[in-house]
Amino acid sequence: MRKKGFWQILLVTVMLITLSACERSNALKITLTGSSTIAPLMMEFGRAFEKLHPHTRIDVQTGGSSRGIEDTRAGLADIGMVSRPLTNTEGDLIAHTVAYDGISLIINKTNPVSVLSDEQIIAIYQGKVNNWQTVGGPDQEITVVNKAEGRSTLELFLKYFKLQNKQIKADIIIGDNQQGIKTVAGNLWAIAYVSIGSAEYEEQHGSAIKLLGVGGKTASTKSVKQGYYPLSRPLNIVTKGAPQGLKKEFIDFAQSSQVVDLVNQQYFISIVTP
Amino acid sequence: MRTSRIFQLSLKTSALLAASVLFFIVFFLICESAPLLSKVGFSAFFELNWHPLDGEYSLSAMLVGSLVVAFGAVIVATPLGIMVALFGQFYAPEKLAKAYLTMIELLAGVPSVVYGFWGLTILVPWITLWAPPGASVLAGIIVLAMMILPLVVLTSDAALSSVPRKYLTSAQALGLSRWGIIYRLALPIATPGIISGVILQSGRALGETMAVLMVTGNVVQIPSSWFQPVRTLTANIALEMAYAVGDHRQALFMSGTVLLLLTIIIVALAHYALKERRA
Chain A
0 MRKKGFWQIL LVTVMLITLS ACERSNALKI TLTGSSTIAP LMMEFGRAFE
50 KLHPHTRIDV QTGGSSRGIE DTRAGLADIG MVSRPLTNTE GDLIAHTVAY
100 DGISLIINKT NPVSVLSDEQ IIAIYQGKVN NWQTVGGPDQ EITVVNKAEG
150 RSTLELFLKY FKLQNKQIKA DIIIGDNQQG IKTVAGNLWA IAYVSIGSAE
200 YEEQHGSAIK LLGVGGKTAS TKSVKQGYYP LSRPLNIVTK GAPQGLKKEF
250 IDFAQSSQVV DLVNQQYFIS IVTP
Chain B
0 MRTSRIFQLS LKTSALLAAS VLFFIVFFLI CESAPLLSKV GFSAFFELNW
50 HPLDGEYSLS AMLVGSLVVA FGAVIVATPL GIMVALFGQF YAPEKLAKAY
100 LTMIELLAGV PSVVYGFWGL TILVPWITLW APPGASVLAG IIVLAMMILP
150 LVVLTSDAAL SSVPRKYLTS AQALGLSRWG IIYRLALPIA TPGIISGVIL
200 QSGRALGETM AVLMVTGNVV QIPSSWFQPV RTLTANIALE MAYAVGDHRQ
250 ALFMSGTVLL LLTIIIVALA HYALKERRA
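Chains A and B, in that order, give the protein sequences.
Oh and the first sequence: position 21 is 20 in numbering that gives the first Met the number 0, straight run, nothing missing.
Oh and the second sequence: position 172 is 171 in numbering that gives the first Met the number 0, straight run, nothing missing.
Pasting the structure below:
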């Protein structure tokens, strides 16, 4: 009995492996490379697209926005992923925006502070200001929450405030947005920064946080979508020349209202206006 | 005859597979971290600070973090666990003891991320009231101690119940008090079993990731008090792996190698100590 079971399992496994290999070799393939911020989103898009178009395969690889540009130029990738606007020297490529990403500062709802200037935020993150009293709040120590090295939110935050990660004096370092929101909701005097999409969602669903904008602008998905919120960026996929055939179908799909839920799940902001 | 040979063969294969997993992991970790290791040298992982994007790869602070949090938890959980096991074996009425142990078993099955979530939403805000920022060595120790406590209880209980019944009844007949039986007889006999249970738990405490990551604050520094945040080697990997490329990625594999070495050293030391005791 034992013996039979083993061989049956082995046989089935071998058959399954062969079968899947078979399917792959016949599939039409689109390769995407580039920004690790966009990659998870593209993987979700890819899965949904593969379901709609059997016999296609979407292959997503990361390596940073610059790799996305280079690979698309060299023809190594069909589509590149670039988490910023294209520069003047990149005019040979066409950008298709699939979503927006924005960052908001968050503090606890009980904190009476309602606005912070960019200079104050920089001073707080550098540890030069460590009491809320200095910026118009009560006499309480500030708990500074920073993101772990390598996160795209950190990168965008540092770039906007022209800071080096070494200069930041953090009390808590977090991984994802949810952890940041939970930390601020549980700590009356903490300050953190997270994706606007997730912060807005949590605020509307009862988390004890409030959003603080930067550069004197309100932080909301609306202000990002309208393009006047400074701490934000477009998430682009780029092609060499106008896309055709399957590539065009995929890009149309990525910009359609069919993917709004997938965009929201990743806490990005959809380009589709409801 | 044929069947038994095949059975034997499959047993051998499984044993070989299980053992080779360790070798594959060690091989894999070394392969992944080797390029950086040969570029900056082994000592670079114990100098300066952790700024992987600026070429500073020191793991010392995180090594200290892992050790402090894991051993803090073991030191808190071990006496508690042994006392609970003694209560179940010698003091509680049989029915209560049974129900109690079942409850502990259930507790052992709670996923670690649940403990972490509790720590993040209840424990850390509570500590913040006394000593901000709240996410700290202390929070890590409490959450980890709670996680390993049920397992310490279960292994200690198993060790205590393997003490031959004969000895206990004889001791009772000789007029030893209950405490005397426990202290002079049951505990010494059960000690090797209890210790191997504790070693297993230290390994688990060192390797725990999500629960620790959620409550310890993850700032890379050698803590000077129980209320300061700290980052462990495991949290380092989990926090940064998703977006790490190139040297940064290899430095994270180095974290894994160091952690594995640490675990191997601890297990080896414990085995040695146990052997000395038995001899």
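For each residue, glycine too, the CB sits at the ideal point set by N, CA and C.
Nothing here was measured: the structure is a model prediction, and the numbers come from that model.
For Val-214(B), the enclosing alpha helix (DSSP H) stretches over residues 209 to 214. For Lys-216(A), there is no enclosing beta strand (DSSP E), since its DSSP letter is neither H nor E.
When C-alpha distances from Leu-153(A) are compared across Gln-166(A), Gly-226(A) and Leu-27(A), the shortest belongs to Gln-166(A). Residue-level contact by beta carbon fails for Glu-89(A) and chain B, as no gap is shorter than 9 angstroms. Sixteen is the threshold: when 16 or more other Cβ atoms of the shown chains lie within 10 Å of the Cβ of Gln-178(A), as they do, the residue is buried. The alpha-carbon separation between Ser-169(B) and Leu-273(B) amounts to approximately 28 angstroms. Taking the CA atoms as reference points, Leu-186(B) sits about 36 angstroms from Ala-234(B).
Closest by C-alpha distance to Lys-246(A), out of Arg-56(A), Ile-37(A), Gly-205(A) and Gly-33(A), is Arg-56(A). Around the CB of Val-142(B), 16 or more other CB atoms lie within 10 Å, so the residue is classed as buried. Counting C-beta pairs with one atom in each stretch, the stretch 214 to 228 of chain B and the stretch 191 to 203 of chain B have fewer than three that are closer than 8 angstroms, which means they do not touch. A straight-line Cα-Cα distance of about 20 angstroms links Asn-87(A) and Val-97(A).
Secondary structure note for Val-114(A): it is in no beta strand (DSSP E), with a DSSP letter that is neither H nor E.
For His-247(B), the number of other beta carbons within 10 angstroms of its own is at least 16, and it is reported as buried. Using a 10 angstroms sphere on the CB of Ile-121(B), the tally of other CB atoms stays under 16, which defines it as exposed.
No residue range can be given for Val-162(B), since it is assigned to no alpha helix (DSSP H) and is classified by DSSP as neither H nor E. If you draw a straight line from the Cα of Gly-202(B) to the Cα of Glu-104(B), it comes to about 19 angstroms. By the C-beta criterion, the stretch 160 to 169 of chain B is judged not to be in contact with the stretch 203 to 218 of chain B, since fewer than 3 inter-stretch pairs fall below 8 angstroms. DSSP lists Ser-194(A) as the bridge partner or partners of Ile-102(A).
Listed along chain A, the residues sitting closer than 7 angstroms to Met-213(B) by beta-carbon distance are Gln-178. Assignment of beta-bridge partners to Arg-56(A) by DSSP yields Lys-28(A).
Nearest in C-alpha terms to Thr-101(B), of all of Gly-54(B), Ile-264(B), Leu-268(B) and Val-152(B), is Val-152(B).
Nearest C-alpha to Ala-144(B) among Gln-88(B), Leu-258(B) and Ala-107(B): Ala-107(B). Under the Cβ criterion of 9 angstroms, Ala-237(B) is counted among the residues facing chain A. Contact of Ala-17(B) with chain A is not assigned, every C-beta pair being separated by 9 angstroms or more. Put simply, of Gly-214(A), Ala-184(A) and Gln-225(A) the residue whose alpha carbon is nearest the alpha carbon of Ile-208(A) is Ala-184(A).
Taking a contact to require three or more Cβ pairs closer than 8 angstroms, the stretch 108 to 119 of chain A and the stretch 205 to 214 of chain B do not qualify as touching. Among the residues of chain A, those whose CB is under 9 angstroms from the CB of Thr-120(B) are Lys-181, Ala-184 and Gly-185, following chain order. Using a CB distance cut-off of 9 angstroms, Asp-53(B) counts as an interface residue toward chain A. Of the residues Ala-130(B), Gly-139(B) and Leu-85(B), the one whose Cα lies closest to the Cα of Gly-179(B) is Leu-85(B).
Under the three-state reduction of DSSP output, Asn-217(B) falls in the coil class, being neither helix nor strand. Between the beta-carbon of Ala-237(B) and that of Leu-212(B) there is about 6 angstroms, and that keeps the pair under the 8 angstroms contact cut. Asn-217(B) and Thr-238(A) have their C-alpha atoms spaced approximately 40 angstroms apart. For the set Gln-265(A), Gln-203(A) and Gly-174(A), the Cα lying nearest the Cα of Tyr-192(A) is the one of Gly-174(A). Assignment of Ala-33(B) by DSSP, reduced to helix, strand and coil, places it in the helix class.
Listed along chain B are His-50, Leu-52 and Asp-53, each with a C-beta nearer than 9 angstroms to that of Asn-164(A).
Take Pro-233(A), set aside five residues on each side of it, and the residues of its chain with a beta-carbon closer than 7 angstroms to its own are Pro-84, Thr-96 and Tyr-99, in chain order.
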